[in-house]
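Protein sequence lines, in the order shown, are assigned to chains A, B, C and D. Numbering-wise, the first sequence is residues 445 to 849 according to the working numbering. Numbering-wise, the second sequence is residues 445 to 849 according to the working numbering. Numbering-wise, the third sequence is residues 445 to 849 according to the working numbering. Numbering-wise, the fourth sequence is residues 445 to 849 according to the working numbering. Glycine included, every Cβ here is placed at the ideal spot set by N, Cα and C. Bear in mind that the values here come from a model prediction, so they are computed numbers and not experimental data. Notes follow the structure.
Protein chains: 4
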Amino acid sequence: MKEKVILAYSGGLDTTAIIPWLKENFNYDVVCVCIDCGQEEELDGLEERAKSCGAEKLYILDVIDEFCDEYIVPCVQAHAVYENKYLLGTSMARPLIAKKLVEIARKEGATAICHGATGKGNDQIRFELGIKALAPDLKIIAAWRNEKWTMDSRESEIEYCKAHGINLPFSADSSYSRDRNIWHISHEGLELEDPANEPNYDHLLVLGVTPEKAPDEGEYVSLSFEKGVPVAINGEKKKVSDIIRDLNKLGGKHGIGIVDIVENRVVGMKSRGVYETPGGTILYEAHQQLEELILDRDAYAVKKDMGNKFAQIVYEGKWFSPLREAVQAFVESTQKYVTGEVKFKLYKGNIIKAGTTSPYSLYNESIASFTTGDLYDHHDAEGFINLFGLSTKVRAMKMQERGEL
Amino acid sequence: MKEKVILAYSGGLDTTAIIPWLKENFNYDVVCVCIDCGQEEELDGLEERAKSCGAEKLYILDVIDEFCDEYIVPCVQAHAVYENKYLLGTSMARPLIAKKLVEIARKEGATAICHGATGKGNDQIRFELGIKALAPDLKIIAAWRNEKWTMDSRESEIEYCKAHGINLPFSADSSYSRDRNIWHISHEGLELEDPANEPNYDHLLVLGVTPEKAPDEGEYVSLSFEKGVPVAINGEKKKVSDIIRDLNKLGGKHGIGIVDIVENRVVGMKSRGVYETPGGTILYEAHQQLEELILDRDAYAVKKDMGNKFAQIVYEGKWFSPLREAVQAFVESTQKYVTGEVKFKLYKGNIIKAGTTSPYSLYNESIASFTTGDLYDHHDAEGFINLFGLSTKVRAMKMQERGEL
Amino acid sequence: MKEKVILAYSGGLDTTAIIPWLKENFNYDVVCVCIDCGQEEELDGLEERAKSCGAEKLYILDVIDEFCDEYIVPCVQAHAVYENKYLLGTSMARPLIAKKLVEIARKEGATAICHGATGKGNDQIRFELGIKALAPDLKIIAAWRNEKWTMDSRESEIEYCKAHGINLPFSADSSYSRDRNIWHISHEGLELEDPANEPNYDHLLVLGVTPEKAPDEGEYVSLSFEKGVPVAINGEKKKVSDIIRDLNKLGGKHGIGIVDIVENRVVGMKSRGVYETPGGTILYEAHQQLEELILDRDAYAVKKDMGNKFAQIVYEGKWFSPLREAVQAFVESTQKYVTGEVKFKLYKGNIIKAGTTSPYSLYNESIASFTTGDLYDHHDAEGFINLFGLSTKVRAMKMQERGEL
Amino acid sequence: MKEKVILAYSGGLDTTAIIPWLKENFNYDVVCVCIDCGQEEELDGLEERAKSCGAEKLYILDVIDEFCDEYIVPCVQAHAVYENKYLLGTSMARPLIAKKLVEIARKEGATAICHGATGKGNDQIRFELGIKALAPDLKIIAAWRNEKWTMDSRESEIEYCKAHGINLPFSADSSYSRDRNIWHISHEGLELEDPANEPNYDHLLVLGVTPEKAPDEGEYVSLSFEKGVPVAINGEKKKVSDIIRDLNKLGGKHGIGIVDIVENRVVGMKSRGVYETPGGTILYEAHQQLEELILDRDAYAVKKDMGNKFAQIVYEGKWFSPLREAVQAFVESTQKYVTGEVKFKLYKGNIIKAGTTSPYSLYNESIASFTTGDLYDHHDAEGFINLFGLSTKVRAMKMQERGEL
């Protein structure tokens, strides 16, 4: 009996060509798995396509809600941003895909998992670290890095497919290299390969428009959170995935969440990309807007560092690691009172705050106001400053005494 | 002979009332000092005003270039942002003012320095820590916290002035509480005191307009940096202060740099304010855009933490401290190769990247591109991932062996 | 009916003198509370003493196990060390004392809590922040800082007691200022006040001897941990407090855990003290010895930073804060697999490792050994280094190309 | 004309076997370079040996002072410790060796550099990253990882040597794997390969004795520092290398600086080793003892984090990186006032503090003492605590109001 391999399958040219390649070179039975994280691709007919290309079977798994609840929400709560700008859309999805591939591998009794990620990118790391963490016994085949892989262009893949009886209408033209899910879409390649170039946004954008093309009228929105989880939009209770869908429409319409970045990949190179994260950008901003009312100064500062750490971990593909769990435990602990409502106005790329309320707000008008209330005695500041500045003064006295000030 | 006190003087009601108060209660000769950090206030006639109110003398010091070169530039290089949003406009200026007050105190042989900062704010800390650090022997008088200070409203201050022969046309109406310099203007008070309220931007803004009121046409700008210092705008060499002035006009016109924040003060309370930093926001963004090309991954990550630390130190008024010097030394070291040009388009609140170049760019198109060049061998990724994920795999094997995976 | 005050009472001169002082100056009924954290003081007769001095009532609460399980263990797990040396013995106990004072205050319907901590130290902060966090409505009376407090020496306190009918055999001689509980004892004062002086250890030490006076024979001990909690000593299951008691005896006997430090207090001054933490030092070292086998590199590094943060929080008296809870959640998450046994030899101040084992050890002899096993392929290192050093090489090439290398 | 390769040569079996191997497999002229970092090996006759084995030339470079001044001192100042215990002895030396290899390569016009570090260790990374950083054009040959390398035991190396006419009296027995320089010696292998084993110290130790075998009499020593650099021992001015030599003798004699650790290598595995760093351990402790007097609380805390970061960078072989330079700039800035004298007693593994003095000490006895001096007003603590605990109290009031406290 042949061994089985699980192939992360999208239906595109790259992963399609892998099917005959796996059979020819490894003599595997190929089980294709298409994980739906919200990429909005045509899934109808995918099963026939996979089978017609030689796959034994195709699984299609809709994991959108699991993706939103278990992967996106922790990142929102951590305010995890990689290198100041990237909201981790692709990074978040990869471990979940790895997990599902492993689950199917176990179910099918497969001995290997194959993916089609490039040898220059971060995704190979994320897939493979996920698999190593969950199924260290499974063999991993990275088709593009494999010595038996000989194709180096779309043309050669198409030719290879044809030679193996696969005649699908794939185009040989390459466009941007993209990755999409419910949270974001990324774009790389073409004019973006030179950071000196302005992106060709009209050609590029998928989820929304540029600020210039956004409506001339702003639009108010409100979001409600409970313990750091988004629970309602404009007062209407919805599950997280539906809130993100609504925010994507709103954000895309109003030109929000377009990021042009040169980032440092884990494999040591800089790459340049454009990300569209319309709903996600709003969600991050809204969550932070609420936290401003609730976290104290110390907690805010340490949480910021931990959020950066969380972003690094997720970016590096170390989702299934004790460290990610520990940082998430930290973050979850801070969310206990992140409950309340935030309002803002979307207008041509801007998210403009329009009021925030929370039952756990530490903002106290009587303290903050210029007129003194009961809780704050101006004279306390005298003592505070004297001790806050004590070491400063002692040092200065010492330096003065030595004639060095 | 009477002792002398140096008074940080603005010409406004608060600091004017302090002149007779200091004379009456402490029997000082009062030397007023007005430090011009770019607040764009009317300084003509200020000398007569101060003297007519009982001051012995008035110094007016234009410190704008020192402010830009020695205080603002280090913050830009550090990308110092307090609590994700505040570009530290007021925080940066206070230590310089303290330094100048001390210099005048030494020149005049004064024994005390007096300021009119409120007992609830951060500025009292920044002034006083600056003075303690530079002149620990000088007495500090914080008028508003002083037990001899009896005025608690503008009305009572006006009355006190009149009773002491000062009849100036001060208005008893209070507006927003503001602080302005060449870098920014801050607004507090009125409707802002409740975070649930949307700011009344039409009433509030001073340096620019809202995105809605900004022109319908975007505008391209380029900035050049040498070793992390801005040196030219649109190809024209200018000193830093003039670049900031130009950027303020551009940013203000295009609705850029308006921030609405609830922040944590050093004295333990939350306060809500709106900041306008039109030029500064552009400068920060441009500098970061350039650093993306130049800093490697490790340096980028640690510099981010150090920038947060720098922001905290400056916010807390600890400018004249060994720690600020050390963090600045770190940051300056990273700026050695931050040389290049950045282009962007300003449009209705957005700073849209439009291309970046640097002779020290680490971006390498042949490495980043999908087609393999000499420098990067896909197969290296295999080894990299195996070792990068080694502990992950070892742990998983151990857990599997124990039946806990 | 009189209002009641809860007094943190030790039976010593300071807190004894506070009883009549509270009655005289505030007209309170005084309820004394003595919290036993393991200070090993004579508690017999304490009730009569308190009452004879005018107290209405005395509570004695043995909280040793709660102290060990809820306060010490988290610090051990965090490896929380303040300024590289201080194992936080006093800092850990203060919040628990504050919590118990509040509980008694609620039970008694008291309106105030009084403590006798000095106005220069950290303990006043720890007590008061604890009370503020748990009972913000209660009035706090810090006797020594109170303007009605007039005594400034032991003599004057003794005199005050006598004048109020209290004739107890207190000595007017001052010794070291000490704080003791089951975890440690601290010493300040006398010759320690000058950091140039060597401590007079023969006079000073309470819990053990110097290394010089320790036995010439070393002694082997083993400790077992489950999920980061010490559960057995030399194979014998014991509760944490009993393990600490055993370790204190062993550590004291072998001259372990004596620390001489100049530390930075929260109130801005440096102070010099000697700490004895015989059992605690062993426990920290043992726990770390075990973690070496279990935590991966990333987790180890971040946990180290979090441990430092935990130490700062606890030192600053912010035990009852969201940040402490969050950091503890992080730490607890890392302890899931910190299970195993450590052996070491105690000898004249040294804790010498003598072997460590854990079912969750990530140490893998076949990988670590020089002879290659299955899991590690030498050639992987080639790819790893190429990518690990890619940005280094790209930078160097760029510099070389510019003639700057 | 043949191309030249530079071989990092020690005279031992491994690097000796590489000479004929390089000639045979790559047809290189082999230039051997022996960098003396204080390994105290027999260097007499090394030239003849190298030549008799086929090398064209041998360079012997004494870099001990450069090692001490430029590599060790920055680590001491940073208090750089890897994973709480390892004083980086090998890590510090590797970049300097790489630098010298590159210098000789340039002088000789060589096109490649060869080293004999194992494919499992950190040293291959440190050598290669150093070479990449300084000479990205040079080819790197890692003999042990090279596919043409066929020897896998000492026996096979000896045989290979014999087959190539080299008959040197190398022993086939393997002992511990060791690396030595003026700062330390490391030991791996044999019984250490199982962390459950106690090290066989009698067999193992080279630089000193165990505490048990150390003298029964302690010994006082004093060290003087200027701006963080050790300048004198027992009052006698000496260069750093001589101070380290003296301290090595003293430390070795008194059983100091023996560390038994399971550490996480960069390549992802745990390894177990014993380090002897007798002088270095004293130097680190002494430097820290001095800093306690001089650094303020904030600076101390951030420097601690930066020291950890420095240790990671050095451990990872990233010495020649912008980040190392930046962190070092931070550290150097903090050393400006680290001037003074520290005394301690060495006794059976213990470094016991015996007094510290500095002209820049921030310790102020009149402030620290229990009796109030001018500089510290007890009542300031009231205000300090009220503001330090303000957010704590506000939160508690809010929770109380909601019935959640």
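What are the partner residues of residue i, as DSSP defines its beta bridges?
{"i": "L531 (chain D)", "result": "DSSP, once it has assigned bridges, lists no residue as partnering L531 (chain D)."}
{"i": "H731 (chain C)", "result": "DSSP output for H731 (chain C) lists no bridge partner at all."}
{"i": "Y791 (chain A)", "result": "A:N794"}
{"i": "I688 (chain D)", "result": "BP columns for I688 (chain D) are empty, so no partner."}
{"i": "S835 (chain B)", "result": "DSSP, once it has assigned bridges, lists no residue as partnering S835 (chain B)."}
{"i": "T800 (chain C)", "result": "C:V786"}
Determine whether the beta carbon atoms of residue i and residue j lie at a separation below 7 Å.
{"i": "K783 (chain B)", "j": "E680 (chain B)", "result": "The sequence as given places Thr at residue 783 (chain B); Lys does not occur at that position. No, these two residues do not count as a Cβ contact at 7 Å."}
{"i": "D458 (chain A)", "j": "D480 (chain A)", "result": "no"}
{"i": "A587 (chain A)", "j": "V449 (chain A)", "result": "no"}
{"i": "T721 (chain D)", "j": "H628 (chain D)", "result": "yes"}
{"i": "I504 (chain B)", "j": "L531 (chain B)", "result": "no"}
{"i": "S777 (chain D)", "j": "E769 (chain B)", "result": "yes"}
{"i": "G751 (chain C)", "j": "L573 (chain D)", "result": "no"}
Applying a beta-carbon distance threshold of less than 7 Å, which residues of chain D neighbour residue i?
{"i": "M841 (chain C)", "result": "P580"}
Roughly how many angstroms lie between the CA atoms of residue i and residue j, to the nearest whole one?
{"i": "G633 (chain D)", "j": "L466 (chain D)", "result": "28 Å"}
{"i": "V653 (chain A)", "j": "P639 (chain B)", "result": "31 Å"}
{"i": "G456 (chain D)", "j": "F614 (chain D)", "result": "8 Å"}
{"i": "I702 (chain A)", "j": "E637 (chain A)", "result": "17 Å"}
{"i": "Y399 (chain A)", "j": "R598 (chain A)", "result": "What is shown of chain A runs 445 to 849, which leaves residue 399 (chain A) out entirely."}
{"i": "W763 (chain D)", "j": "A577 (chain D)", "result": "9 Å"}
{"i": "H523 (chain B)", "j": "Y620 (chain C)", "result": "49 Å"}
{"i": "L545 (chain A)", "j": "Q483 (chain A)", "result": "17 Å"}
{"i": "E500 (chain C)", "j": "E492 (chain C)", "result": "11 Å"}
{"i": "C519 (chain D)", "j": "H823 (chain C)", "result": "32 Å"}
Along chain C, which residues have their Cβ under 9 Å away from the Cβ of residue i?
{"i": "N484 (chain D)", "result": "With the sequence shown as reference, residue 484 (chain D) is identified as Glu, and Asn is not the correct amino acid for it. By Cβ distance, chain C contributes nothing, its closest Cβ being about 24 Å from E484 (chain D), past 9 Å."}
{"i": "E603 (chain D)", "result": "Near E603 (chain D) there are no residues of chain C at all, since even the closest Cβ is about 17 Å away, more than 9 Å."}
Give the interface partners of residue i over in chain A, defined as CB-CB distance under 9 Å, in chain order.
{"i": "E769 (chain C)", "result": "S777, T778 and K780"}
Kindly list, in the order they appear in chain B, the residues whose Cβ is closer than 8 Å to that of residue i.
{"i": "D742 (chain D)", "result": "I757, K762, S765 and L767"}
Can you pull the chain G neighbours of residue i, defined as C-beta to C-beta under 7 Å?
{"i": "S835 (chain D)", "result": "Protein chains in the displayed structure are A, B, C and D, and chain G is not among them."}
So which residues of chain A does residue i contact, with C-beta pairs closer than 8 Å?
{"i": "Q568 (chain B)", "result": "A825 and I829"}
{"i": "D821 (chain D)", "result": "G827 and N830"}
Residue i versus chain C: which residues are under 8 Å apart at the beta carbon?
{"i": "V711 (chain A)", "result": "L831 and L834"}
{"i": "D576 (chain A)", "result": "Here residue 576 (chain A) is Lys; the residue named in the question, Asp, does not match the sequence. Neighbours of K576 (chain A) on chain C: none; closest Cβ ~11 Å, over 8 Å."}
Mind listing the chain D neighbours of residue i? Cutoff is C-beta to C-beta under 9 Å, in chain order.
{"i": "H628 (chain C)", "result": "Within chain D, no residue comes near H628 (chain C); the closest Cβ sits about 18 Å away, beyond 9 Å."}
List the residues of chain B whose Cβ lies closer than 9 Å to the Cβ of residue i, in chain order.
{"i": "D458 (chain A)", "result": "The premise fails here: D458 (chain A) is roughly 11 Å from chain B at the closest Cβ pair, so nothing lies under 9 Å."}
Is it a yes or a no for the region 645-662 of chain B touching the region 791-799 of chain B, going by three-plus beta-carbon pairs under 8 Å? yes
Between the region 533-540 of chain C and the region 835-849 of chain B, do three or more beta carbon pairs fall short of 8 Å? no
Do the region 704-721 of chain C and the region 549-566 of chain C touch if we need at least three Cβ pairs shorter than 8 Å? yes
Tell me, please, whether the region 552-559 of chain C touches the region 466-475 of chain C by the rule of three or more beta-carbon pairs shorter than 8 Å. yes
Taking one C-beta from the region 805-815 of chain C and one from the region 684-704 of chain D each time, how about it: are there three or more such pairs within less than 8 Å? Judged by Cβ distances under 8 Å, the region 805-815 of chain C makes no contact with the region 684-704 of chain D, as fewer than three pairs qualify.
At a cut of 8 Å, does the region 795-807 of chain C reach the region 722-736 of chain C through at least three beta carbon pairs? yes
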